[in-house]
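Okay, so here's the structure we're looking at.
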Amino acid sequence: MSDVKSDPEEHEAPADDAEPEPEDAATEAAPEASEAPAPAKEKRRRVRRRQKKERVLHTRVPAVLEQELKRLAESLRLPVSNVVRTILEDAVDTLDVAGRSAQEELTRVADRLGGPRAPAPDAPPAPKAPPAAPTYPLEGALGISRVRLVRATPCGLTGRELGAGEEALLVHFDDGRPPLAVAPDALPTPPGDGTPPTGAPPEGDPA
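For the sequence shown, the numbering used here assigns the number 265 to the initial residue and increments by one for each residue that follows.
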């Protein structure tokens, strides 16, 4: 077993002439690497944030819809996933806009209903009640004429049938009612009036 000796002069070097250690070079290069442009770092941060937020959704679609999506993706030269994502984003945006529009419309309706109300229009005048039926059958009579009937007619007061050829009294009214045929012996005396009706003999006068 032999000992190998080396010349100390070959391994020793003056301290002043020593070259910088590799650690010093790495230390000097570190600041340069840390001084990367801020926009590039922000861009990488946004990309990482976006990758963290994206999720994969699995769903089943009809074969016809799958073919349409593939055809559309081929025409646009885009992946099918990008086309589906774009369609979903547009649909969500549309629903959001529609929801806001509906909310605004409901708010306007609520404000309109909650505001001061206009006065109610004047009610139309109530229709005039029809004239009450006269309590006295001959009320409103204007005159009486004696006629001879040419056909059978019922008496307007008693309902007795008056035959053709009989004499009757025809009562005329001033309110537009048709004349009323009355038997001569059925014509009553008007209330409060002591005079006999037209055509009847006065009391005490011999027939």
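Backbone N, C-alpha and C fix where the C-beta goes; we use that ideal spot for every residue, glycine too.
Do you know how far the Cα of residue 378 is from the Cα of residue 348?
44 Å
Is it right to say residue 451 is buried, meaning 16 or more other beta carbons lie within 10 angstroms of its own, or is it exposed?
buried
Would residue 409 pass as a contact of residue 434 if the rule is Cβ separation under 8 Å?
yes
Residue 448 beta carbon less than 8 Å from that of residue 428
no
According to the Cβ coordinates, are residue 445 and residue 422 closer than 8 Å?
no
Just curious, the alpha helix (DSSP H) that residue 410 is in, first and last residue?
Per DSSP, residue 410 belongs to no alpha helix (DSSP H); it is in the beta strand (DSSP E), 405-412.
Under 8 Å by Cβ, that's how I've got residue 334 and residue 344 pegged, so tell me the actual separation to the nearest angstrom.
6 Å
Alpha carbon to alpha carbon, what distance is there between residue 372 and residue 300?
Confidence at residue 300 is low in this model, with a pLDDT of 47, below 50, so its placement is unreliable and no value can be given for it.
If I measure Cβ to Cβ from residue 415 and keep anything under 6 Å in the same chain, skipping five residues before and after, which residues do I get?
428
Per DSSP, the bridge partner or partners of residue 374
Partner(s): none; residue 374 has no beta bridge.
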